[in-house]
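These protein sequence lines are chains B and G, in that order. Heads up: the first sequence at position 282 corresponds to 282 in this note's numbering, and the numbers run straight through without jumps. Just remember that this note's numbering sits 1000 ahead of the position in the second sequence, which is counted from 1. Here's the structure we're looking at; comments come further down.
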Amino acid sequence: MSKRLIDLQHITKSFDGQMVLDDLNLYIRENEFLTLLGPSGCGKTTTLRIIGGFEMPDSGSVIFDEKNITELAPNERQLNTVFQKYALFPHMSIAENIAFGLKIKKKSKSYIKDKIKYALKLVNLDGFEKRSVDSLSGGQQQRIAIARAIVNEPKVLLLDEPLGALDLKLRQDMQYELIRLKNELGITFIYVTHDQEEALTMSDTIVVMNQGYIQQIGTPQDIYNEPKNAFVADFIGESNIIDGLMLEDRLVKILNANFPCVDEGFGKNTPVDVVIRPEDVELVSPEQGSLEGDVTSLIFKGVHWEIEVLANGYEWLVQTTHMHPVGSHVGIQIDPYNIQIMNKPESSDERAVESCVT
Amino acid sequence: MRNLKRQLLAGPYLLWMAGFILLPVVMILYYAFTTTSGHFTMLNITSISASIHLKSLLLSLKLALVCTIICLVLSYPLAMILNNMKLKRQGFIVFVFILPMWMNFMLRILAWKMLLSNNGVINTLLETLGLPALDILNTPSAVVFCMVYDFLPFMILPIYNAMSRIQKDILEAAKDLGAGNIIIFFKIIVPLTMSGVVSGIIMVFVPALTSFAISDLLGGGKVLLIGNVIEQAFMQEYNWNLGSGLSVVLMIFVIASMALMSSKGEEGGASVW
């Protein structure tokens, strides 16, 4: 494993008495593509701004490359930021925008010229030097913002929802561009988004946040397949989250039906949250299923059908390639490996959730 | 048909423009280039070179320039301070600065005449404090002082406007790229507020150059600006031809200064008008 580049230790931050981050601990490894993922107001942008130096934490420290940089101003940090609304300088040409950081560092003219050329090539905008900012589309402006940041050869690139203002197709293209860029540059990316698909596509590591607390840290596969709590399960993709009772090891009771599962160690007759992904619910003939229900809704989604099945009082969300017309009577079957059992949070305090994660 | 109706809507404005802008200008031009008997002449224009006229034109230019510079120097830092305040307080301070504009222009000038007079409030106050009296009434200083007082809002507002339009993340981006406060000020804030500065300069310089009421009341007849000379030509000598001729000369200066500033404004990014 590569070394820890950034270490956030016991970071606390509040705005106007409102707690935004509470004792946040997080480290970021060198050359990692790390994504801070969560709904708005979860503290992800504040975390990024603290790393960038735009916000001072109330307490705690930011360690960068084994040095404490908590008190350092943004212009003294070895990292660069790509802002959500591009933040290009409107009174400068594209070349002047890209050269801004290099001119401050007093680089030679020929060096700056080469760097501009290199950066524009890297973001697929060769020959845009003389263009004005106004004449560029949103996607192009965001590429220039990335070029402007990377010419400074930062060790870390911070990206604050950089694709948020772009349309869907462009967003998907840019996701691949960013992965390519990260591999070519070999630097650390810290990416903030509320879009779970974006996070799953690009990240090495995803940090799921909610209400100022880290809910789960893991690879995209971990986060998707093994959500640690109901919040993560619900936020990452769609899920059926149902109250269950763990009868004994490897047996859970959901909606008055018993399902074999693979989880152990929850004790006997323990209330739990059960998460089942919609694509893991198998619709079979009524007599073959552990539960019986009726199809209440059917929507064609392209790759699959999205079906809602009412069974024992719960609306199951099912994604399947087989069509079942509305009103048909079906059975529900689930592979034991696809049943996720999670402890119920002990209180509304998210700290309980956090401590079982880290 | 609908198009015609829409064009008819512009009718009142066209009438207004024809009656109150175009016609007066044509009349001024007619008087400026004719003698009292209606013959063509350039004498009304060339009379600007008469030493008394030239002197007052130069004084007008000088006082307008000084007034504009003082307004600019006062307004720019103020706009910056305002812009960094909380939004609620910004509105209040802007309101305070605009408040005097709600009072009658002449009333404000007369008020300053009272305040600045030898036994006025200011001098009485200075006297009780044992400080030397401020003897500036009937001098160019008093005229400039009152001009600055009257025209300051016209400088503050466009600069403050331009400054508040600068997005916060542009400043953060500059900082992020390694710029300190001095570089941010000269490379980002100044160029991005240039359009406001240019608007402000025009809106202060032009009325200051053409004003005559302030110098009339606070100059005590000793400070003769080109506006006063033109007023005298019309109102005292009843020489409309000379007054029109000098007005045309003044108009050329106004148009030239506006053109000069507008071209500067375009270089700075946004156009002024």
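For glycine and all other residues, C-beta sits at the position ideal for the given N, C-alpha and C. Treat the numbers as computed from the prediction; the structure is a model and nothing was measured.
Inter-residue Cα distance where the pair is residue i and residue j
i          : j          : result
B:Phe-83   : G:Ala-1179 : 16 Å
G:Ala-1133 : G:Leu-1072 : 28 Å
G:Phe-1095 : B:Gln-9    : 46 Å
G:Phe-1151 : G:Val-1204 : 6 Å
G:Ala-1174 : G:Ile-1093 : 28 Å
B:Ile-11   : B:Leu-34   : 18 Å
B:Ile-146  : B:Pro-227  : 32 Å
G:Val-1121 : G:Pro-1100 : 19 Å
G:Ser-1049 : G:Asp-1176 : 58 Å
G:Met-1042 : G:Lys-1264 : 33 Å
B:Phe-235  : B:Phe-15   : 25 Å
B:Ser-93   : B:Tyr-111  : 18 Å
G:Leu-1023 : G:Ser-1047 : 24 Å
B:Ile-150  : G:Ile-1202 : 42 Å
B:Cys-416  : B:Arg-49   : Outside the shown range of chain B (1 to 358) lies residue 416 of chain B, about which nothing can therefore be said.
G:Ser-1271 : G:Ser-1195 : Because the pLDDT of G:Ser-1271 is 39, which lies under 50, any placement of that residue in the model is unreliable, and the question is left without a value.
B:Ile-179  : B:Glu-32   : 11 Å
B:Val-274  : B:Glu-184  : 41 Å
B:Gln-175  : G:Ile-1021 : 60 Å
B:Ala-99   : B:Val-123  : 15 Å
B:Glu-264  : B:Asn-240  : 21 Å
G:Leu-1225 : G:Leu-1137 : 16 Å
B:Glu-197  : B:Asp-167  : 14 Å
Below-8 Å beta-carbon distance, residue i vs any chain B residue
i          : result
G:Ala-1079 : no
G:Pro-1179 : Per the sequence shown, the amino acid found at residue 1179 of chain G is Ala instead of Pro. Closer than 8 Å: yes.
G:Pro-1207 : no
G:Pro-1191 : yes
G:Glu-1172 : yes
G:Ile-1188 : yes
G:Ile-1045 : no
G:Ile-1183 : yes
G:Asp-1169 : yes
G:Ser-1271 : Its pLDDT being 39, under 50, G:Ser-1271 is placed unreliably in this model, and the value from its coordinates should be taken loosely. False, the Cβ-Cβ gap to chain B never drops below 8 Å.
Min CB distance residue i to chain G below 8 Å
i         : result
B:Val-357 : With a pLDDT of 39 at B:Val-357, under the threshold of 50, the modelled position of this residue cannot be trusted; read the value that follows with caution. No, because no Cβ of chain G sits closer than 8 Å to the Cβ of B:Val-357.
B:Met-162 : For clarity, residue 162 of chain B is Pro in the given sequence; the question names Met instead. It does not; no Cβ of chain G falls within 8 Å.
B:Lys-85  : yes
B:Lys-113 : no
B:Asp-16  : no
B:Pro-57  : no
B:Thr-81  : yes
B:His-304 : no
B:Gly-101 : yes
B:Asn-152 : yes
B:Lys-268 : no
B:Lys-109 : no
B:Ile-104 : yes
B:His-329 : no
Min CB distance residue i to chain C below 8 Å
i          : result
G:Lys-1175 : Here the protein chains are B and G, and chain C is not one of them.
Terminal residues of the beta strand (DSSP E) in which residue i lies
i          : result
G:Met-1103 : Where G:Met-1103 is concerned, there is no enclosing beta strand (DSSP E), given that its DSSP letter is neither H nor E.
B:Ala-311  : 305 to 311
B:Asn-25   : 18 to 29
B:Tyr-314  : 314 to 320
B:Arg-4    : 4 to 15
B:Lys-253  : 251 to 254
B:Pro-271  : 270 to 276
B:Asn-225  : From DSSP, B:Asn-225 is part of no beta strand (DSSP E) but of the alpha helix (DSSP H) over 220 to 225.
Bounding residues of the alpha helix (DSSP H) (the contiguous stretch that carries residue i)
i          : result
G:Val-1148 : 1140 to 1164
B:Gln-175  : 168 to 185
G:Phe-1095 : 1087 to 1098
G:Ala-1018 : That residue, G:Ala-1018, is in no alpha helix (DSSP H); it is neither H nor E in DSSP.
B:His-324  : No alpha helix (DSSP H) holds B:His-324; DSSP gives it neither H nor E.
B:Ser-297  : No alpha helix (DSSP H) holds B:Ser-297; the beta strand (DSSP E) holding it covers 291 to 300.
G:Ile-1052 : 1051 to 1084
G:Phe-1205 : 1190 to 1210
Any beta strand (DSSP E) of 3 or more consecutive residues that is wholly inside the stretch 189 to 215 of chain B:
205 to 210
Is the number of C-beta pairs between the stretch 66 to 78 of chain B and the stretch 1162 to 1171 of chain G that are closer than 8 Å three or more?
no
Taking one C-beta from the stretch 328 to 336 of chain B and one from the stretch 275 to 284 of chain B each time, how about it: are there three or more such pairs within less than 8 Å?
yes
Using 8 Å as the threshold, is the stretch 1230 to 1240 of chain G in touch with the stretch 1076 to 1094 of chain G, meaning 3 or more CB pairs across them?
no
If we count Cβ pairs, one from each stretch, closer than 8 Å, do we get three or more for the stretch 15 to 29 of chain B versus the stretch 121 to 133 of chain B?
no
Do three or more CB pairs link the stretch 90 to 105 of chain B to the stretch 1179 to 1194 of chain G at distances below 8 Å?
yes
Using 8 Å as the threshold, is the stretch 1221 to 1235 of chain G in touch with the stretch 1027 to 1035 of chain G, meaning 3 or more CB pairs across them?
no
Counting pairs of beta carbons, one from the stretch 1209 to 1216 of chain G and one from the stretch 111 to 120 of chain B, are three or more of them closer than 8 Å?
no
Which residue spans inside the stretch 49 to 131 of chain B form an unbroken alpha helix (DSSP H) run of at least 4?
94 to 104 and 109 to 122
Is the stretch 319 to 331 of chain B close to the stretch 299 to 308 of chain B, with three or more CB pairs under 8 Å?
yes
Check whether the stretch 252 to 262 of chain B touches the stretch 1007 to 1022 of chain G, counting contact only when three or more Cβ pairs, one atom from each stretch, lie closer than 8 Å.
no
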